[in-house]
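Student: Take this structure first; my questions come after.
Number of protein chains: 2
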Amino acid sequence: MLVFGGTRSASLSWNVAKSMKAEVGKSEIKAFPDGEKYVRINSAVKGRECTVVQSIRSNDDFVELLLMLDTLRDLGANQVHAVMPYLAYMRQDKRFHVGEALSAKTILKLLYEVSDSITTINCHFLNEGGEAVYNHIRFMNLDAMPILLGYVGSKVENPFLIAPDKGSLSFAKAAASQLDCEFDHLSKTRLSGSEVRIDMKDLDVGGKDVLILDDIISTGGTIVEAAKLIRKGHPSSINVACVHGLFLNGIEHFKGEVDRLTSTDTLDNPVSKVSVGDLIGQSILR
Amino acid sequence: MLVFGGTRSASLSWNVAKSMKAEVGKSEIKAFPDGEKYVRINSAVKGRECTVVQSIRSNDDFVELLLMLDTLRDLGANQVHAVMPYLAYMRQDKRFHVGEALSAKTILKLLYEVSDSITTINCHFLNEGGEAVYNHIRFMNLDAMPILLGYVGSKVENPFLIAPDKGSLSFAKAAASQLDCEFDHLSKTRLSGSEVRIDMKDLDVGGKDVLILDDIISTGGTIVEAAKLIRKGHPSSINVACVHGLFLNGIEHFKGEVDRLTSTDTLDNPVSKVSVGDLIGQSILR
Chain B
229 MLVFGGTRSA SLSWNVAKSM KAEVGKSEIK AFPDGEKYVR INSAVKGREC TVVQSIRSND
289 DFVELLLMLD TLRDLGANQV HAVMPYLAYM RQDKRFHVGE ALSAKTILKL LYEVSDSITT
349 INCHFLNEGG EAVYNHIRFM NLDAMPILLG YVGSKVENPF LIAPDKGSLS FAKAAASQLD
409 CEFDHLSKTR LSGSEVRIDM KDLDVGGKDV LILDDIISTG GTIVEAAKLI RKGHPSSINV
469 ACVHGLFLNG IEHFKGEVDR LTSTDTLDNP VSKVSVGDLI GQSILR
Chain X
229 MLVFGGTRSA SLSWNVAKSM KAEVGKSEIK AFPDGEKYVR INSAVKGREC TVVQSIRSND
289 DFVELLLMLD TLRDLGANQV HAVMPYLAYM RQDKRFHVGE ALSAKTILKL LYEVSDSITT
349 INCHFLNEGG EAVYNHIRFM NLDAMPILLG YVGSKVENPF LIAPDKGSLS FAKAAASQLD
409 CEFDHLSKTR LSGSEVRIDM KDLDVGGKDV LILDDIISTG GTIVEAAKLI RKGHPSSINV
469 ACVHGLFLNG IEHFKGEVDR LTSTDTLDNP VSKVSVGDLI GQSILR
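Quick mapping for you: the protein sequence lines, in order, are chains B and X.
The numbering of the first sequence is this note's numbering, which starts it at 229 and goes up by one.
The numbering of the second sequence is this note's numbering, which starts it at 229 and goes up by one.
Here it is as structure tokens:
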């Protein structure tokens with residue numbers, strides 16, 4: 229097995245290769261002055277099984293991965309596996325309005341067109357890990373919550389787990405069971421567009437290490453608002469953890485409101501302390 | 229027939245629809261804060277034939293088009309035609325070095341996966357228009373040179389046509405035949421990387437309206453150098469025309485060196501005065 233990394237996931241791909249005791253594939257990837265991606269595979273891949281690790285955070289990342297996968301096939305690789313630790317567009321999995329694109333379907337379909345298997349992590353529209361089928365497209369959805377919780381759980385003494393909304397209650401329940409602690413969820417009402425009202429309900433967080441858990445944080449606006457409310461209940465600490473940390477407004481946004489912010493390294497950021505390298509590596513070996 | 233325009237080719241798509249007397253398709257396209265594209269089709273397309281016009285200047289343009297095409301199909305459109313007046317990656321059609329991506333092949337293959345036909349204009353690696361086959365992928369390659377020449381030919385009195393290199397001599401010959409004028413080519417030697425030496429040879433351009441013709445201009449660096457040399461031969465004017473005007477350094481770059489700069493509207497720019505709307509519209513009607 230050869231493990232290649234795209235530009236978005238270079239260091240994570242080394243962790244994956246290490247976990248599998250696999251060879252790191254050599255490639256050269258750059259952008260031309262007009263923005264086109266240039267891809268060159270520098271390892272001999274003919275007849276070999278190859279994995280490409282590349283989170284899709286932007287359309288540039290996506291095209292780069294498509295080119296890498298198709299080039300490996302074209303060069304005679306035996307099997308080509310696509311691993312997207314973070315995969316954009318997964319929140320567009322159904323039509324909220326008539327005529328909308330099912331972008332998740334299109335993206336998965338195109339990836340499948342140039343690979344033999346597709347793997348992602350905590351795909352937003354599925355609550356459980358394991359083999360998933362969406363619109364006839366079969367893929368592997370890994371669950372990074374247990375390793376994320378293993379890390380943050382070791383940092384706190386008296387955890388109280390809070391899901392950001394009722395929809396996330398199922399993974400909050402599983403997480404609370406892992407940490408053997410209480411859990412509840414915030415009540416979130418979407419007022420208009422991006423305006424959201426958060427209700428504390430009657431959460432008794434006094435002296436507790438509150439842990440707000442989410443699969444993906446975009447800006448974190450709602451979570452920062454929630455943290456402000458929770459602080460009024462005098463918790464011992466407020467901790468926020470997510471699998472995919474987009475942090476579109478930067479992590480400074482959380483300072484003063486959140487005591488500890490943690491994400492996995494599906495996306496590289498200053499708090500991506502939990503590596504999903506083993507999770508990916510072991511799933512490929514299985 | 230319904231004609232949709234992507235964000236890169238909105239006004240050109242109206243010209244296409246007008247030329248065909250076809251209905252303009254309604255759509256809503258925007259970018260989410262995280263950079264993901266949002267696509268929504270607002271016309272009823274079930275059972276109808278649809279064309280999407282979208283030049284691919286960036287990876288964002290490409291993903292937007294893929295989403296539009298697949299959404300039209302998903303909404304029950306009868307036939308979905310992809311028209312990319314400018315199509316990035318077409319200069320990566322062969323391996324110049326071992327292991328390089330055949331990006332042109334991958335891009336065409338993925339487009340074909342979500343459409344019933346693909347059309348582009350003056351694809352760089354083909355000299356002639358008409359139906360083309362590249363790596364088993366069948367597509368239509370339209371030739372905008374005649375309409376470009378029709379326009380620039382009407383602006384000059386005593387044209388002398390110059391191809392930027394020997395490789396472009398075949399279309400220069402056809403162009404000279406259309407304008408009934410002399411033609412020749414520059415001698416270009418690539419010294420290292422982007423450094424190029426241009427030789428004037430013994431072109432007799434005195435009193436002539438020199439017309440440098442190219443299918444695509446990226447920065448135009450070589451052409452500006454050529455114009456400086458040609459000026460020494462005391463031409464009446466120096467004119468530069470291309471189908472695809474990328475102009476990565478802006479058109480200011482040509483000022484003072486070139487008297488008239490013209491491109492088609494496969495890419496929108498301040499000198500894109502020749503519309504390919506009719507060319508596309510009539511090719512779809514055929």
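Backbone N, C-alpha and C define an ideal beta-carbon position, used for all residues, glycine too.
Buried or exposed: which applies to residue 361/B, given that a residue is buried once 16 or more other Cβ atoms fall within 10 Å of its Cβ?
Tutor: To locate residue 361/B, count along the first sequence from 1; it is residue 133. Residue 361/B is exposed by the Cβ-count criterion.
Student: Would residue 187/B be called buried (16 or more neighbouring beta carbons within 10 Å of its own) or exposed?
Tutor: Within the shown structure, residues of chain B are numbered from 229 to 514, placing residue 187/B beyond reach of any answer.
Student: With DSSP as the reference, identify every bridge partner of residue 256/B, one or two as the case may be.
Tutor: Numbered from 1 along the first sequence, position 28 holds the residue referred to as residue 256/B. Answer is 268/B, bridged to residue 256/B.
Student: Does DSSP put residue 416/X in a helix, in a strand, or in coil?
Tutor: Working through the second sequence from its first residue, we reach residue 416/X at position 188. Residue state, collapsed to three classes: strand.
Student: Going along chain X, which residues have a C-beta under 9 Å from residue 341/B?
Tutor: By 1-based counting over the first sequence, the position of residue 341/B is 113. Here the neighbours are 337, 338, 341.
Student: In three-state DSSP terms, what is residue 243/X?
Tutor: What you label residue 243/X is simply residue 15 of the second sequence in a count that begins at 1. Residue state, collapsed to three classes: helix.
Student: Note down, in chain order, each residue of its chain lying with its Cβ closer than 7 Å to the Cβ of residue 268/X, except the 5 sequence neighbours on either side.
Tutor: Reading the second sequence from its first residue, position 40 is the one you call residue 268/X. Taken in chain order, the residues that qualify are 255, 256.
Student: How about residue 521/B: is its C-beta nearer than 9 Å to some C-beta of chain X?
Tutor: Lying outside 229 to 514, the shown extent of chain B, residue 521/B is not represented and no answer is given.
Student: Short of 9 Å Cβ to Cβ, which residues in the segment 299–312 of chain B face chain X?
Tutor: Within the segment 299–312 of chain B, the qualifying residues are 299, 302, 303.
Student: For the segment 491–510 of chain X, which residues have a beta carbon sitting closer than 7 Å to at least one beta carbon of chain B?
Tutor: From the segment 491–510 of chain X, no residue has a Cβ closer than 7 Å to chain B.
Student: So, for residue 393/X: in the same chain, excluding its five sequence neighbours on each side, which residues have a beta-carbon less than 7 Å away from its beta-carbon?
Tutor: Within the second sequence, numbered from 1, the residue matching residue 393/X stands at position 165. Within the same chain, residue 393/X has close Cβ partners 413, 414, 416.
Student: Any C-beta of chain X within less than 9 Å: which residues of the segment 273–293 of chain B qualify?
Tutor: Those residues of the segment 273–293 of chain B that come within reach of chain X (Cβ to Cβ, closer than 9 Å) are 273, 285, 286, 287, 288, 289, 290, 291, 292.
Student: Would residue 478/B pass as an interface residue toward chain X - the criterion being a Cβ-Cβ separation below 9 Å?
Tutor: The sequence position of residue 478/B within the first sequence is 250, counting from 1. No, because no Cβ of chain X sits closer than 9 Å to the Cβ of residue 478/B.
Student: Does the segment 401–408 of chain B come close enough to the segment 374–382 of chain B to have 3 or more Cβ pairs within less than 8 Å?
Tutor: At 8 Å Cβ cutoff, the stretches touch.
Student: For the alpha helix (DSSP H) that contains residue 298/X, what are its first and last residues?
Tutor: Here residue 298/X refers to the residue found at position 70 when the second sequence is read from its first residue. Residue 298/X -> alpha helix (DSSP H) spans 287–302.
Student: Going by alpha carbons, who is nearest to residue 409/B out of 427/B, 395/B, 381/B, 292/B?
Tutor: The residue you call residue 409/B lines up with position 181 of the first sequence. That would be 381/B, whose Cα lies nearest to the Cα of residue 409/B.
Student: Suppose you measure from the CA of residue 487/X to the CA of residue 298/B; what does that come to, to the nearest Å?
Tutor: As a first step, residue 487/X must be located in the second sequence, where it is residue number 259. As a first step, residue 298/B must be located in the first sequence, where it is residue number 70. Answer to the nearest angstrom: the Cα atoms are 44 Å apart.
Student: Quick one: which unbroken beta strand (DSSP E) runs of 3-plus residues sit fully inside the segment 302–338 of chain X? Chain order, please.
Tutor: The qualifying runs are 307–312.
Student: I'd like to check one pair, residue 454/B with residue 365/B: are the Cβ atoms closer than 9 Å?
Tutor: In the first sequence, residue 365/B corresponds to position 137, counting from 1. In the first sequence, residue 454/B corresponds to position 226, counting from 1. Going by C-beta atoms, residue 365/B is not nearer than 9 Å to residue 454/B.
Student: Using a Cβ-Cβ distance under 9 Å, would residue 457/X count as near chain B?
Tutor: On the second sequence, residue 457/X is found 229 positions in, with the first residue counted as 1. So, not an interface residue.
Student: With H, G and I counted as helix, E and B as strand and the rest as coil, what does DSSP make of residue 341/X?
Tutor: Mapped onto the second sequence, residue 341/X falls at position 113. Note: residue 341/X maps to helix in three-state DSSP.
Student: Tell me where the beta strand (DSSP E) around residue 353/B begins and ends.
Tutor: Counting from 1 along the first sequence, the entry for residue 353/B is found at position 125. Careful: residue 353/B lies outside any beta strand (DSSP E) and carries neither H nor E.
Student: Closer than 8 Å between beta carbons: that is the criterion. Which residues of the segment 389–422 of chain X meet it against chain B?
Tutor: Cβ contacts with chain B: none found.
Student: Which of the three DSSP states is assigned to residue 380/X in this structure?
Tutor: What you label residue 380/X is simply residue 152 of the second sequence in a count that begins at 1. Here residue 380/X sits in helix by DSSP.
Student: Below 8 Å, how does it come out for the segment 282–290 of chain B and the segment 305–312 of chain X: are there three or more Cβ pairs, yes or no?
Tutor: Counting Cβ pairs under 8 Å, fewer than three are found: no touch.
Student: Check the Cβ of residue 237/B against every Cβ in chain X and list those closer than 7 Å, keeping chain order.
Tutor: The residue labelled residue 237/B in the question sits at position 9 within the first sequence. In chain order: nothing, as chain X lies at least about 17 Å away.
Student: Using only the alpha-carbon positions, how far apart do residue 461/X and residue 315/X sit?
Tutor: Along the second sequence, read from residue 1 onward, the residue named residue 461/X stands at position 233. Along the second sequence, read from residue 1 onward, the residue named residue 315/X stands at position 87. Straight-line Cα distance between these residues: approximately 36 Å.
Student: Would you kindly work out how many angstroms separate the C-alpha atoms of residue 505/B and residue 244/B, rounded to a whole number?
Tutor: By 1-based counting over the first sequence, the position of residue 505/B is 277. By 1-based counting over the first sequence, the position of residue 244/B is 16. Residue 505/B and residue 244/B: Cα-Cα distance of roughly 4 Å.
Student: DSSP has residue 367/X in a bridge; who is on the other side?
Tutor: Numbered from 1 along the second sequence, position 139 holds the residue referred to as residue 367/X. Answer is 360/X, bridged to residue 367/X.
Student: Rounded to whole angstroms, what is the Cα-Cα separation between residue 248/X and residue 470/X?
Tutor: The count along the second sequence starts at 1 and reaches residue 248/X at position 20. The count along the second sequence starts at 1 and reaches residue 470/X at position 242. Cα to Cα, the separation comes out at about 25 Å.
Student: Determine, for residue 266/B, whether the minimum Cβ-Cβ distance to residues of chain X falls below 9 Å.
Tutor: The residue given as residue 266/B occupies position 38 in the first sequence. Taking Cβ atoms only, chain X reaches closer than 9 Å to residue 266/B, which makes this a yes.
Student: Could you list which residues in chain X have their beta carbon closer than 8 Å to that of residue 446/B, in chain order?
Tutor: Here residue 446/B is taken as the residue at index 218 of the first sequence, counted from 1. Neighbours of residue 446/B on chain X, chain order: 261, 262.
Student: On the DSSP letters alone, give me the boundaries of the alpha helix (DSSP H) that residue 506/B sits inside.
Tutor: Taking the first residue of the first sequence as 1, we reach residue 506/B at position 278. That run of the alpha helix (DSSP H) goes 505–513.
Student: Check the C-beta distance from residue 476/X over to residue 495/X and give it rounded, since I have them as a contact under 8 Å.
Tutor: Locating residue 476/X in the second sequence gives position 248, where the first residue counts as 1. Locating residue 495/X in the second sequence gives position 267, where the first residue counts as 1. Actually they do not touch by this definition, with Cβ atoms about 11 Å apart.
Student: For residue 440/X, write down the residues that DSSP places opposite it in a beta bridge.
Tutor: Here residue 440/X refers to the residue found at position 212 of the second sequence. BP columns for residue 440/X point to 390/X, 468/X.
Student: In three-state terms, what does DSSP make of residue 398/B?
Tutor: Counting from 1 along the first sequence, the entry for residue 398/B is found at position 170. Residue 398/B: helix per DSSP, three-state reduction.
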